[in-house]
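Visitor: In the numbering used here, the protein residues as written are 127 to 168.
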């Protein structure tokens, strides 16, 4: 839900590529997805 709210305000989403968020975020276009569990990628 937070990813969709951010998109509605024109903000990118930065999240782990896991669960439903990877369906809502296009990596490099509407936000950034990093490998699940890779905290150093943030």
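Ideal placement from N, C-alpha and C gives every residue a C-beta, glycine not left out.
Please report the residue range of the alpha helix (DSSP H) in which residue 129 lies.
Guide: Run containing residue 129: 128 to 134, per the alpha helix (DSSP H) assignment.
Visitor: For residue 151, does the count of other Cβ atoms within 10 angstroms reach 16, so buried, or fall short, so exposed?
Guide: Buried, by the Cβ-count rule.
Visitor: My output table needs one value for residue 140: the three-state DSSP class, helix, strand or coil.
Guide: Here residue 140 sits in strand by DSSP.
Visitor: Who are residue 160's beta bridge partners in DSSP?
Guide: Partner(s): 142.
Visitor: Would you call residue 165 buried or exposed, if buried means 16 or more other Cβ atoms sit within 10 Å of its Cβ?
Guide: Its Cβ having fewer than 16 others within 10 Å, residue 165 is exposed.
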